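First residue of the sequence shown? That's 9 in this note's numbering, and the numbers climb one at a time after it. From the three backbone atoms N, C-alpha and C, an ideal C-beta is built for every residue, glycine too. Being a predicted model, the structure only gives us computed values, none of them experimental. Quick notes on the structure that follows.
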Amino acid sequence: MKLATHVVASAILLLATLPALAQQDGRKHIVIGRTPAEVAKSPWSDAVLVGNTLYLSGYIGVDAHNQVPKSAEEETRLAMEELKHTVEAAGMSMDDIVKIDVLCTDLSLFPPFNSVYRTYFKNGFPARTFTGSSQLLLGAHFEITGVAIKAGK
Numbered sequence: 009m010k011l012a013t014h015v016v017a018s019a020i021l022l023l024a025t026l027p028a029l030a031q032q033d034g035r036k037h038i039v040i041g042r043t044p045a046e047v048a049k050s051p052w053s054d055a056v057l058v059g060n061t062l063y064l065s066g067y068i069g070v071d072a073h074n075q076v077p078k079s080a081e082e083e084t085r086l087a088m089e090e091l092k093h094t095v096e097a098a099g100m101s102m103d104d105i106v107k108i109d110v111l112c113t114d115l116s117l118f119p120p121f122n123s124v125y126r127t128y129f130k131n132g133f134p135a136r137t138f139t140g141s142s143q144l145l146l147g148a149h150f151e152i153t154g155v156a157i158k159a160g161k
């Protein structure tokens, strides 16, 4: 019985911290999918919400094993899904994004990136840069960052 109580208490603690929305000086640090121990070691938040503005960290498209897919389209989809998940955790939608910055290690991947990217926005596209870069973490071809603003606040 003690084990069951411990498991339930641990689950409640975990649910209370993931996603962690720690408030500090009017800021909410959004952390998704990492354990409290991983968060303590990680020198970043997935996003920071200040007022109605959400600042998104860089997202790369890797699978559950931190492997970059073979196709640029799948890599883009994985990165955009992570970005979308974070935006939604902050109570926003992809249409609240006003600015996107993309780093890319191979500018010939511009067309396949765009073919996937365009499917994530319904009401027009955010302002965007697409910049050539040297090596990215884990051998990724793309890293996507952004800013979202919740309308009506």
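### Query
Across which residues does DSSP place residue 109 in a beta bridge pair?
Beta-bridge pairing links residue 109 to 137 and 153.
### Query
From what residue to what residue does the alpha helix (DSSP H) around residue 92 run?
Membership of residue 92 in the alpha helix (DSSP H) is indicated by the continuous run 80 to 97.
### Message
Can you tell me where the alpha helix (DSSP H) holding residue 125 begins and where it ends?
### Response
Per DSSP, the unbroken alpha helix (DSSP H) holding residue 125 starts and ends at 118 to 125.
### Task
Look at the Cβ atom of residue 95, then the Cβ atom of residue 156, and state whether they are nearer than 8 angstroms.
Going by C-beta atoms, residue 95 is nearer than 8 angstroms to residue 156.
### Query
With residue 2 and residue 80 assumed to form a contact (beta carbons below 8 angstroms), what rounded beta-carbon distance in angstroms separates them?
Residue 2 falls outside the range modelled here, since the chain spans only 9 to 161, and no answer is possible.
### Rounded separation between residue 112 and residue 160 - CA only
Pairing residue 112 with residue 160, the inter-Cα distance amounts to about 34 angstroms.
### residue 151 burial status per 10 Å Cβ neighbour count (16 or more: buried)
Buried, by the Cβ-count rule.
### Query
How would you call residue 12, buried or exposed, if buried means at least 16 neighbouring beta carbons within 10 angstroms?
Reliability fails at residue 12, whose pLDDT of 43 lies under 50, so the model's placement of it is uncertain and no value is given.
### Query
Going along the chain, which residues of its own chain have a beta-carbon closer than 7 angstroms to the beta-carbon of residue 78, five neighbours each way excluded?
Nothing meets the Cβ criterion.
### Task
Determine the closest residue to residue 133 out of 114, 143, 139 and 109, with distance taken between C-alpha atoms.
The option with the nearest alpha carbon to residue 133 is 109.
### Message
Going by the DSSP bridge assignment, what does residue 58 pair with across the sheet?
### Response
BP columns for residue 58 point to 35 and 61.
### Task
Just confirm the distance between the C-beta atoms of residue 146 and residue 47, as a whole number of angstroms; I'd bet it's less than 8 angstroms.
Residue 146 to residue 47, Cβ: 20 angstroms. No contact.
#### Entry: Own chain, CB closer than 6 angstroms to residue 105, minus 5 neighbours either side, in chain order
Close CB contacts of residue 105 within its chain, under the 6 angstroms cut and outside five residues either way in sequence, are with 134, 154 and 156 (chain order).
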